[in-house]
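So the sequence shown is numbered by the numbering used here: it starts at 49 and just counts up by one.
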Amino acid sequence: MSKWWERPLRILQFNIEDRYGTYLGSLNSRKIIDLALKVGANVLVVFARDPWGRVFYEGSRIGPKHPKVKGDFIKELVNEGSKRGVRVVVMVGHTANKYVYEKHSDWAQVNVRGEVVLLEHVPYAENAYTPEWPQICINSPYYEMIKEEVKEVLKLKVGGVFLDSFRYQPDIERACYCKWCQVRLKKELGYDMPAKPEWSDSRWRSLWKWRYKVVVEKIKELYKLVKSSNDEVMFMYNRHPGGWAGRTNKVVEEGRDFMDFIFAECSE
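What follows is the structure, given as structure tokens:
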């Protein structure tokens, strides 16, 4: 029997990135579903939390509920959408998380120079800059929080789980050299991380492939987590085909057996 996502989908992505919460108090689940229907969408994508780590539903263990969000916003959206024929898919695993960084700065991705890898574009020479959207490493204990986030949104009866791309890159400019990565690589491959991109060095080539392996491994685990809970929940992956040098295209190629649906944000 075919799954619900194996038919044409028209997706409205309603991102909530409101640093100061200026508009969050006016969020209304009915009006958002109205908007989805107005533009002809049958699927609505929303964040489980924002990139500052503030959650949009009640009872989370992974972060504080955003103080300006009224009620159980995600649950209300799911209920409203269910009544009106719009599936609600919730994005999880966003690796930008300022809340986590402020509690566990050692979980952040750091480049070969030891500088925190940021989602925002800031010259590394900028003095006294406080990271706004620091990237957290999926080899750190943060990954356990992502699994908990998946479990929490599944309890909200969502139509799908939308996994962000992790932004765990192999390129030297964005590659992570945190302690968690270095310890894991040494354990698995038996040598320290090469600090220079020497393609004639088999260690560098193996490191490059290893970074893809890490991402696909995590995707596979989360896919199985979702399917073990409810096989009727779609598992969607955020491909970012034009961003980050197109590296997620390789992730899709290697992890395609663990993705129900591949999504590309219009802004990308």
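Quick reminder that beta carbons are idealized off the backbone N, C-alpha and C, glycines included.
I need the DSSP call for residue i, collapsed to helix, strand or coil.
i: Tyr-149; result: helix
i: Phe-210; result: strand
i: Gln-230; result: helix
i: Phe-104; result: coil
i: Arg-135; result: strand
i: Met-49; result: coil
i: Leu-204; result: coil
Please report the distance separating the alpha-carbon of residue i from that of residue j.
i: Ile-81; j: Val-262; result: 37 Å
i: Glu-316; j: His-142; result: A caution first: Glu-316 carries a pLDDT of 46, below 50, which makes its placement in the model unreliable, though a value can still be read off. Taking the straight line joining both Cα atoms gives about 16 Å.
i: Thr-70; j: Phe-104; result: 15 Å
i: Val-231; j: Leu-92; result: 40 Å
i: Asp-120; j: Val-201; result: 12 Å
i: Arg-109; j: Phe-62; result: 24 Å
i: Gly-107; j: Lys-113; result: 8 Å
i: Leu-255; j: Met-241; result: 7 Å
i: Asn-145; j: Asp-212; result: 13 Å
i: Leu-60; j: Ala-312; result: 12 Å
i: Ser-250; j: Trp-258; result: 12 Å
i: Val-164; j: Arg-132; result: 44 Å
i: Val-126; j: Val-148; result: 27 Å
i: Cys-226; j: Cys-185; result: 8 Å
i: Lys-180; j: Tyr-190; result: The residue asked about is misnamed: residue 180 is Glu in this sequence, not Lys. If I take the Cα positions, the gap works out to 18 Å.
i: Glu-54; j: Leu-270; result: 21 Å
i: Tyr-260; j: Trp-252; result: 13 Å
Could you check which residue in the options has the C-alpha nearest to that of residue i?
i: Leu-57; options: Gly-101, Leu-204, Ala-84, Leu-72; result: Ala-84
i: Trp-155; options: Val-103, Thr-178, Ile-64, Ser-188; result: Ser-188
i: Lys-195; options: Asn-90, Pro-182, Phe-210, Trp-181; result: Phe-210
i: Lys-203; options: Val-281, Leu-237, Phe-62; result: Val-281
i: Gln-157; options: Lys-235, Asn-278, Cys-224, Arg-287; result: Cys-224
i: Pro-182; options: Glu-65, Lys-86, Ser-153; result: Ser-153
i: Ile-310; options: Met-49, Tyr-149, Val-137; result: Val-137
i: Leu-166; options: Gln-217, Glu-128, Glu-124; result: Gln-217
i: Val-160; options: Val-117, Ser-276, Lys-244, Lys-272; result: Lys-244
i: Ala-89; options: Thr-296, Gly-129, Arg-222; result: Gly-129
i: Arg-295; options: Asp-308, Phe-306, Ser-276, Val-264; result: Val-264
i: Arg-222; options: Gly-162, Ser-248, Ala-176, Tyr-190; result: Gly-162
i: Arg-97; options: Lys-79, Leu-72, Arg-78; result: Leu-72
i: Trp-247; options: Lys-235, Arg-215, Ile-220; result: Ile-220
i: Trp-100; options: Glu-150, Val-87, Ile-122, Ser-277; result: Glu-150
i: Val-206; options: Val-300, Ala-176, Ile-122, Phe-214; result: Ile-122
Kindly give me the distance between the Cβ atoms of residue i and residue j, rounded to whole angstroms, as I take these residues to be in contact under 8 Å.
i: Ile-267; j: Tyr-239; result: Going by Cβ atoms, the distance from Ile-267 to Tyr-239 rounds to 26 Å, so no, they are not a contact pair.
i: Phe-95; j: Gly-208; result: Actually they do not touch by this definition, with Cβ atoms about 13 Å apart.
i: Leu-273; j: Val-198; result: 6 Å
With 16 other CB atoms within 10 Å as the buried threshold, where does residue i fall?
i: Thr-326; result: For residue 326 there is no data in the structure shown, the boundaries of the chain being 49 and 316.
i: Val-170; result: exposed
i: Tyr-68; result: exposed
i: Leu-237; result: exposed
i: Arg-304; result: exposed
i: Met-49; result: exposed
i: Pro-115; result: exposed
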